[in-house]
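Asker: Going line by line, the protein sequences match chains A and B. Using this note's numbering, read the first sequence as starting at 2 and increasing by one per residue. Using this note's numbering, read the second sequence as starting at 837 and increasing by one per residue.
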Amino acid sequence: MKKVISLCFILALGILLLAVVASMPRMGDPQSPTNTHIIDRYLERAEEETGAENVITGVILNYRGYDTEGEVTVIFTGLAAVLAILGREKRGRVHAYPDRSPVRSSLVVRSAVRFLFPFILLFSLYTVLHGDISPGGGFQGGAVLAAGAFVLAAALGLWSAGRPVPPWLRYALEGAAPIAFFTVGVIGILGGAEFLTYMLPRVAAGLQPSLRTWMTLFIELGIGTGGAMIFLSILMALSREEGEPL
Amino acid sequence: MSAALSLILMSLLVVTALAATFSRDLLAAVIIFSGYSLVMALLWQRLQAPDLALTEAAVGAGVTTVLFVAAIFKTQRMEEEAAGDEDEGEDGGGEAR
Numbered sequence: 002m003k004k005v006i007s008l009c010f011i012l013a014l015g016i017l018l019l020a021v022v023a024s025m026p027r028m029g030d031p032q033s034p035t036n037t038h039i040i041d042r043y044l045e046r047a048e049e050e051t052g053a054e055n056v057i058t059g060v061i062l063n064y065r066g067y068d069t070e071g072e073v074t075v076i077f078t079g080l081a082a083v084l085a086i087l088g089r090e091k092r093g094r095v096h097a098y099p100d101r102s103p104v105r106s107s108l109v110v111r112s113a114v115r116f117l118f119p120f121i122l123l124f125s126l127y128t129v130l131h132g133d134i135s136p137g138g139g140f141q142g143g144a145v146l147a148a149g150a151f152v153l154a155a156a157l158g159l160w161s162a163g164r165p166v167p168p169w170l171r172y173a174l175e176g177a178a179p180i181a182f183f184t185v186g187v188i189g190i191l192g193g194a195e196f197l198t199y200m201l202p203r204v205a206a207g208l209q210p211s212l213r214t215w216m217t218l219f220i221e222l223g224i225g226t227g228g229a230m231i232f233l234s235i236l237m238a239l240s241r242e243e244g245e246p247l
Numbered sequence: 837m838s839a840a841l842s843l844i845l846m847s848l849l850v851v852t853a854l855a856a857t858f859s860r861d862l863l864a865a866v867i868i869f870s871g872y873s874l875v876m877a878l879l880w881q882r883l884q885a886p887d888l889a890l891t892e893a894a895v896g897a898g899v900t901t902v903l904f905v906a907a908i909f910k911t912q913r914m915e916e917e918a919a920g921d922e923d924e925g926e927d928g929g930g931e932a933r
């Protein structure tokens, strides 16, 4: 019975999604809005219209600010749902496989990881902070940071990877991404205009340039740390002990 | 030259995708899948999408690989012979490796 219900649900969802796809412009259609004027406008005038040196940042934070808000919400709701299903690790009882393996990871691997980790950290920071100008940005930097922490966890054990960030701080920072984006959006309302207003260049031009930079950095840092922390939490939850003795 | 490189990368993509799907050893499948992500990241870069290349390399090759490996340690490394349908309820075979 359960199977029939889930099958019906999946079928309905699939038909709904296919119906939406059918209403989209055909791929490569020369008459679709994307091909007639949007791409040219973005590529030719993004810099003067948005004030962003990196066109991708301009598109994501200006032309498609609402889309990005929705995207951040969807991604982090999904990650939170995964975390809600997995549950939390018990305090002080985190053991990755390398921690209880009778064979330690080899000296070569451990030394290489210890040597490489600071550089991975530096690169992730660069990706986050320089995202305004060069390829990269908050989510990419956060993912690089999480991947670095994962490498540390795989080679040295979860305890080493989790130690630099105490659990209370990690739990608190998991929500940083949507909160940062939403806060910056609401600042526009508090300033007497619309949501995400400050991202519009005519408003931003009236601001101190440093203030605009700081707000962009706030979003990027929020998304980066939020993403990295939630990935780390998922790994912690996934490899916790279920209370059985070692 | 560059067309040949793209062709090589794309055929590598297909080969790694098939290899990851048909491998019975799930640990091997996960490693092959991270190779798939690496090739995909190179292709994104060749399509002049460096943002996507960065994301693909960090998330696809880094984060998900470790999450999959963690999941394999909690379950089983080898795929079962006849795809068993209702195996939940029991412990799911506690012995990793």
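We put the beta carbon where it would ideally sit given N, CA and C, even for glycine.
#1: Out of Met-914(B), Phe-904(B), Glu-916(B) and Val-850(B), point me to the one whose CA is closest to Val-875(B)'s CA.
#2: Please list the terminal residues of the continuous alpha helix (DSSP H) segment that includes Phe-183(A).
#3: Per the contact definition of three or more C-beta pairs closer than 8 Å, is the segment 179 to 196 of chain A in contact with the segment 152 to 166 of chain A?
#4: Less than 8 Å between CB atoms is the rule here; does Ser-240(A) satisfy it with respect to chain B?
#5: Can you tell me the Cβ-Cβ gap for Gly-137(A) and Leu-222(A), rounded? I've got them flagged as a contact below 8 Å.
#6: Is the number of C-beta pairs between the segment 166 to 173 of chain A and the segment 841 to 856 of chain B that are closer than 8 Å three or more?
#7: On the DSSP letters alone, give me the boundaries of the alpha helix (DSSP H) that Asp-887(B) sits inside.
#8: Taking three-plus beta-carbon pairs below 8 Å as touching, is the segment 27 to 43 of chain A in contact with the segment 112 to 119 of chain A?
#9: Could you tell me which residues DSSP pairs with Asp-861(B) in its beta bridges?
#10: Name the chain B residues that come within less than 8 Å of Ile-76(A), Cβ to Cβ?
#11: I'd like the list of long-range same chain contacts for Leu-17(A), defined as Cβ closer than 8 Å, with 5 residues on each side in sequence excluded.
#12: Return the chain-ordered list of same chain residues with a C-beta closer than 6 Å to the C-beta of Gln-881(B), the five sequence neighbours on each side being excluded.
#13: Give the residues of chain A in contact with Asp-861(B), contact being defined as C-beta atoms less than 9 Å apart.
#14: Quick check: the segment 45 to 65 of chain A against the segment 148 to 159 of chain A, are there 3 or more CB pairs under 8 Å?
#15: Grab me the residues of His-131(A)'s own chain with a C-beta within less than 8 Å of its C-beta, minus the 5 sequence neighbours each way, in chain order.
#16: Ile-235(A) CB to nearest chain B CB: under 8 Å?
#17: Under the three-state reduction of DSSP, which class applies to Val-129(A): helix, strand or coil?
#18: Can you tell me whether DSSP reads Asp-68(A) as helix, strand or coil?
#19: Which residues, in chain order, does the segment 214 to 235 of chain A contribute to contact with chain B at a C-beta distance below 7 Å?
#20: Can the beta-carbon of Leu-854(B) be found less than 8 Å from the beta-carbon of Leu-236(A)?
#21: Output yes if chain A places a C-beta closer than 8 Å to the C-beta of Ala-907(B); else output no.
#22: With 8 Å as the threshold, decide whether the Cβ of Gly-871(B) is near any Cβ in chain A.
#23: Where does the unbroken alpha helix (DSSP H) through Pro-168(A) begin, and where does it stop?
#24: Look at the alpha carbon of Leu-84(A) and the alpha carbon of Gln-32(A), and state the distance between them as a whole number of angstroms.
#25: From the DSSP output, in three-state form, read off Glu-54(A) for me.
#26: Are there 16 or more other CB atoms within 10 angstroms of the CB of Asn-63(A), so buried, or fewer, so exposed?
#27: Take Ser-796(B) and list the residues in its own chain whose beta-carbon comes closer than 6 Å to its own, dropping the five residues that flank it on each side.
#28: Check distances from the C-beta atoms of the segment 868 to 897 of chain B to those of chain A and list, in chain order, the residues that come in under 7 Å.
Answerer: Quick answer:
#1: Mapped onto the second sequence, residue 875(B) falls at position 39. Nearest of Met-914(B), Phe-904(B), Glu-916(B) and Val-850(B) to Val-875(B), Cα basis: Val-850(B).
#2: Position 182 of the first sequence, counted from the first residue, corresponds to residue 183(A). Note, Phe-183(A): alpha helix (DSSP H), 177 to 191.
#3: no
#4: As a first step, residue 240(A) must be located in the first sequence, where it is residue number 239. Yes, contact with chain B.
#5: Counted from its first residue, the first sequence places residue 137(A) at position 136. Counted from its first residue, the first sequence places residue 222(A) at position 221. About 13 Å; that fails the 8 Å criterion.
#6: Contact fails: fewer than three Cβ-Cβ distances are below 8 Å.
#7: On the second sequence, position 51 is the one that residue 887(B) refers to. For Asp-887(B), the enclosing alpha helix (DSSP H) stretches over residues 886 to 891.
#8: no
#9: What you label residue 861(B) is simply residue 25 of the second sequence in a count that begins at 1. Answer by DSSP bridge pairing, in chain order: Met-914(B).
#10: Mapped onto the first sequence, residue 76(A) falls at position 75. Ordered by position in chain B, no residue passes the 8 Å Cβ test against Ile-76(A), which lies about 11 Å from the chain.
#11: The count along the first sequence starts at 1 and reaches residue 17(A) at position 16. Excluding sequence neighbours, Leu-17(A) sits near nothing in its chain.
#12: Position 45 of the second sequence, counting from 1, holds the residue named residue 881(B). Answer for Gln-881(B): Ala-889, listed in chain order.
#13: The count along the second sequence starts at 1 and reaches residue 861(B) at position 25. Simply none; closest approach about 17 Å.
#14: At 8 Å Cβ cutoff, the stretches do not touch.
#15: Position 130 of the first sequence, counting from 1, holds the residue named residue 131(A). The residues are Gly-137.
#16: Working through the first sequence from its first residue, we reach residue 235(A) at position 234. Yes, Ile-235(A) lies at the interface with chain B (some Cβ there is under 8 Å from its Cβ).
#17: Within the first sequence, the letter at position 128 stands for residue 129(A). Reduced to three states, the DSSP call for Val-129(A) is helix.
#18: Against the first sequence, residue 68(A) aligns to sequence position 67. Helix at Asp-68(A).
#19: Phe-232 and Ile-235
#20: On the second sequence, position 18 is the one that residue 854(B) refers to. On the first sequence, position 235 is the one that residue 236(A) refers to. Not in contact: Leu-854(B) and Leu-236(A) (Cβ atoms no closer than 8 Å).
#21: Taking the second sequence and counting its residues from 1, one reaches residue 907(B) at position 71. Yes - at least one Cβ of chain A is within 8 Å of the one on Ala-907(B).
#22: Taking the first residue of the second sequence as 1, we reach residue 871(B) at position 35. Chain A contact via Cβ: absent.
#23: Numbered from 1 along the first sequence, position 167 holds the residue referred to as residue 168(A). From DSSP, the alpha helix (DSSP H) with Pro-168(A) extends over 168 to 174.
#24: In the first sequence, counting from the first residue as 1, residue 84(A) sits at position 83. In the first sequence, counting from the first residue as 1, residue 32(A) sits at position 31. Their Cα atoms are separated by approximately 44 Å.
#25: Against the first sequence, residue 54(A) aligns to sequence position 53. Three-state result, Glu-54(A): coil.
#26: Here the question's residue 63(A) lines up with position 62 in the first sequence. Around the beta carbon of Asn-63(A), 16 or more other beta carbons lie within 10 angstroms, which makes this residue buried.
#27: This structure cannot settle anything about residue 796(B), because the visible part of chain B is limited to 837 through 933.
#28: Listed in chain order, the positions of the segment 868 to 897 of chain B with a beta carbon within less than 7 Å of a beta carbon of chain A are Pro-886, Asp-887, Leu-890, Thr-891, Ala-894 and Val-895.
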